[in-house]
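Numbering-wise (my numbering), the sequence shown opens with residue 0 and increments by one. By construction, the Cβ of each residue, glycine as well, lies at the ideal position given by its N, Cα and C atoms. Structure, as structure tokens:
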Amino acid sequence: MSDTYDDERTFEALPPAQGRGFATSWWGLAWLKALEDTALDGQQLKQGRRLARQGAVGAVTVRPGRITAVVRDRDGSQYRGDVLLQELDADDWDRFLTMAAERAGHIAALLDREMPPHLVEDAADHGIELLPAIGDLEPKCTCEAWDHCPHTAALCYQVARLLDQDPFVLLLMRGRAEQPLLDALQERSALPAEDVAAIRGVLAAEAFAARDIVPPLPAPPPLPPEPGTPARLDTETAPESGIDPAALEFLAADAAARAHRMLTDALQPEHELQPVAPQLTEDQDAVRLAEACRDSGITARLAAASGRRPADLAVAVRAWRLGGVASLRVLEEEWTPGSEELARAVAALDRAWADGDRPALRSTGPNRWTVTGRDAQLRLGHDGRWWPYRKESARWIPAGPADRDPAAALETLLTPSDDGAGA
């Protein structure tokens, strides 16, 4: 954890480091390499690394141009160590922001509070050195050593662990706190195109160079066995006028069920080869919702919203259960088959029954044939299937599923004593 005050951050003391490696992230390892390449006394670095690994470094304060901590020596004595790092000047930061704004990948990463490693190379190409070079780290310690002592070395090793947690610590040391930097980058990237160099996509070389630092995608989570349960909206607080909590809960449950069904379908083999289901109209979706609804109040609202009487909606729901959109269209739409479609339909009716078994059929609409003297009817759908209908209380209602064979479709409506009636 850290405490943040404007351009200063204080990190709590870290526990002793376990394992062989001291830093694990790209930024932490890059800092250690820069430290070890620029230090004059390797022995002092070894002693400092040992102290840091033992947890001898106290809370670390990071501010522009300086890092500070109290380090406990092996004999128990304590020393304040400071390491000074050259800050970037205003021109450096202006070039840094311009460079970042020119690359969409840098903008996206930085605004997402990530520090891409190739930022170092791109900044160096613009004359900005983020990592310390020889002479950049100036140690000062109350032990009065003239170069890096074990205490300032331990502090630097501890900073490598802080960079594992948050690479923006390096930019703070170089003179710019995280939030002001992000605000400036946000402002820079939002300027008109004529004021900022055109933002390009990520270069192929840049994307390829990042292949080893982008973690692999995690395995997809398993499909839940059933949809989730929506939150209960019936609370002690009265809803605003026009808000029906029960209706909202119903819609939320329906959305969860549909999402679960869509995900289940998407995980099936060769799902991408299946045709895309057509978009439902508002009237069709009202029937779909009514089919799943068990609340009479919500059903009445669906009927009113779809312009149907409750009895009409009940018949539409029955059609939906038998065949979805196709069955609903046969119920509510009367369509005229083309000459070829009509010829095929008449031929299908002629050969569906054996001689003498065919019921007497009369055309009672462009796509409808009614059994003479009986409350039974066949309707031809757009897909060439036949749908059986029965008249109840002066209303034609769906009586069963569709079939390619008109005789099979009508069989459920004709008892043996009815076969051939009127022929």
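Pick from A265, A285, A276, T234 that is closest to L222, judged by C-alpha positions: Indexing the sequence shown from 1 puts residue 222 at position 223. That would be A265, whose Cα lies nearest to the Cα of L222.
message: I need the DSSP call for V195, collapsed to helix, strand or coil.
response: Translated into the one-based positions of the sequence shown, residue 195 becomes position 196. Unreliable placement is indicated for V195, whose pLDDT of 40 sits below 50; the coordinate value is still reported in the next sentence. V195: coil per DSSP, three-state reduction.
Per-residue DSSP class, three states only, for D163: Position 164 of the sequence shown, counted from the first residue, corresponds to residue 163. Looking at D163 - three-state DSSP - the assignment turns out to be helix.
task: Might you give, ordered along the chain, the residues of its own chain that have their beta carbon closer than 7 Å to the beta carbon of G322, omitting 5 neighbours on each side?
output: Translated into positions along the sequence shown, residue 322 becomes position 323. Cβ neighbours of G322 beyond the five flanking positions: P400, A401.
query: On the premise that L301 lies in contact with C292, defined as a C-beta separation below 8 Å, what is that separation, rounded to the nearest angstrom?
result: Reading the sequence shown from its first residue, position 293 is the one you call residue 292. Reading the sequence shown from its first residue, position 302 is the one you call residue 301. Between C292 and L301 a beta carbon distance of about 7 Å is seen, short of the 8 Å cut, so the two are scored as contacting.
- request: Assuming T335 and P365 form a contact by the criterion Cβ under 8 Å, report the distance between their Cβ atoms to the nearest whole angstrom.
  value: Residue 335 sits at position 336 when you count from the first residue of the sequence shown. Residue 365 sits at position 366 when you count from the first residue of the sequence shown. Contact holds; Cβ gap of about 4 Å.
task: Examine the Cβ distances between the region 270-279 and the region 301-320 and report whether three or more of them are shorter than 8 Å.
output: no
query: At what residues does the beta strand (DSSP E) containing F10 begin and finish?
result: Translated into positions along the sequence shown, residue 10 becomes position 11. 7-10 is the extent of the beta strand (DSSP E) around F10.
Residue range of the unbroken beta strand (DSSP E) whose run includes L222: Residue mapping note: residue 222 aligns to position 223 of the sequence shown, counting from 1. Per DSSP, L222 belongs to no beta strand (DSSP E) and is neither H nor E.
- request: Determine, using beta carbons only, whether A58 and E7 come nearer to each other than 8 Å.
  value: Indexing the sequence shown from 1 puts residue 58 at position 59. Indexing the sequence shown from 1 puts residue 7 at position 8. No; because the gap between Cβ atoms is not below 8 Å, this pair is not in contact.
Contained beta strand (DSSP E) runs [length at least 3] in the region 348-375, N- to C-terminal order: Fully enclosed beta strand (DSSP E) runs of 3 or longer: 360-364, 367-370.
Extent of the continuous alpha helix (DSSP H) to which D91 belongs: As a first step, residue 91 is located in the sequence shown; it is residue number 92 there, counting from the start. 89-100 is the extent of the alpha helix (DSSP H) around D91.
query: How would you write the range of the alpha helix (DSSP H) that R257 sits in, first residue to last?
result: As a position in the sequence shown, residue 257 is number 258, starting the count at 1. According to the DSSP assignment, R257 belongs to the alpha helix (DSSP H) that extends over 244-265.
- request: Round the Cβ separation of D404 and K390 to the nearest angstrom and send it over; I've been treating them as touching at under 8 Å.
  value: On the sequence shown, position 405 is the one that residue 404 refers to. On the sequence shown, position 391 is the one that residue 390 refers to. Actually they do not touch by this definition, with Cβ atoms about 22 Å apart.
For E333, the three-state DSSP class (helix, strand or coil): In the sequence shown, counting from the first residue as 1, residue 333 sits at position 334. Correct three-state label for E333: coil.
- prompt: According to DSSP, is G323 helix, strand or coil?
  reply: Taking the sequence shown and counting its residues from 1, one reaches residue 323 at position 324. If DSSP states are grouped into helix, strand and coil, G323 belongs with the helices.
- prompt: Alpha carbon to alpha carbon, what distance is there between E35 and L216?
  reply: Taking the sequence shown and counting its residues from 1, one reaches residue 216 at position 217. Taking the sequence shown and counting its residues from 1, one reaches residue 35 at position 36. Looking at the two C-alpha atoms, the distance is approximately 34 Å.
message: Check whether the region 381-398 and the region 326-334 are in contact - that is, three or more C-beta pairs closer than 8 Å.
response: yes
- prompt: Between the C-alpha atoms of T363 and S295, what's the straight-line distance to the nearest angstrom?
  reply: If you number the sequence shown from 1, residue 363 lands on position 364. If you number the sequence shown from 1, residue 295 lands on position 296. Approximately 35 Å, taken between the alpha carbons.
message: Can you tell me where the alpha helix (DSSP H) holding L34 begins and where it ends?
response: Reading the sequence shown from its first residue, position 35 is the one you call residue 34. L34: member of the alpha helix (DSSP H) spanning 25-37, first to last residue.
query: Under a Cβ-count criterion, where at least 16 other Cβ atoms within 10 Å of its own Cβ denotes burial, should M261 be classed as buried or exposed?
result: Walking along the sequence shown from the start, residue 261 turns up at place 262. So M261 ends up on the exposed side.
L379, DSSP secondary structure in three states: Counting from 1 along the sequence shown, the entry for residue 379 is found at position 380. It is a strand residue.
- prompt: Is there contact here, the region 106-125 with the region 66-85, by at least three beta-carbon pairs under 8 Å?
  reply: no
query: Leaving out five residues before and five after E290 in sequence, what residues of the same chain have Cβ atoms less than 8 Å from its Cβ?
result: If you number the sequence shown from 1, residue 290 lands on position 291. Answer for E290: V316, W319, R320, listed in chain order.
- prompt: Near Q53, which residues of its chain fall below 6 Å by C-beta distance, leaving aside the five closest residues on each side in sequence?
  reply: Residue numbering aside, residue 53 sits at position 54 when the sequence shown is read from its first letter. The answer, listed in chain order, is P15.
task: Report the three-state DSSP secondary structure of A176 (helix, strand or coil).
output: Indexing the sequence shown from 1 puts residue 176 at position 177. DSSP, read as helix, strand or coil, puts A176 in coil.
task: Can you say whether V286 is buried or exposed, counting buried as having 16 or more other CB atoms within 10 angstroms of its CB?
output: Locating residue 286 in the sequence shown gives position 287, counting from the first residue. Buried is the call here.
- request: Answer yes or no: do I297 and A246 have a C-beta to C-beta separation smaller than 8 Å?
  value: The count along the sequence shown starts at 1 and reaches residue 297 at position 298. The count along the sequence shown starts at 1 and reaches residue 246 at position 247. In this structure, A246 lies closer than 8 Å to I297 by Cβ.
- request: Would you mind sorting I242 into buried or exposed? The rule is 16 or more other CB atoms within 10 Å of its CB.
  value: Sequence index remark: in the sequence shown, residue 242 carries index 243 (1-based). Its Cβ having fewer than 16 others within 10 Å, I242 is exposed.
field: Contacts around W395, its chain only, beta-carbon distance under 8 Å, and the 5 residues preceding and following it disregarded
entry: Position 396 of the sequence shown, counted from the start, is the residue given in the question as residue 395. Result list for W395: Q376, Y388, R389, in chain order.
Coarse secondary structure for L232, derived from DSSP in three states: If you number the sequence shown from 1, residue 232 lands on position 233. Coil, per DSSP.
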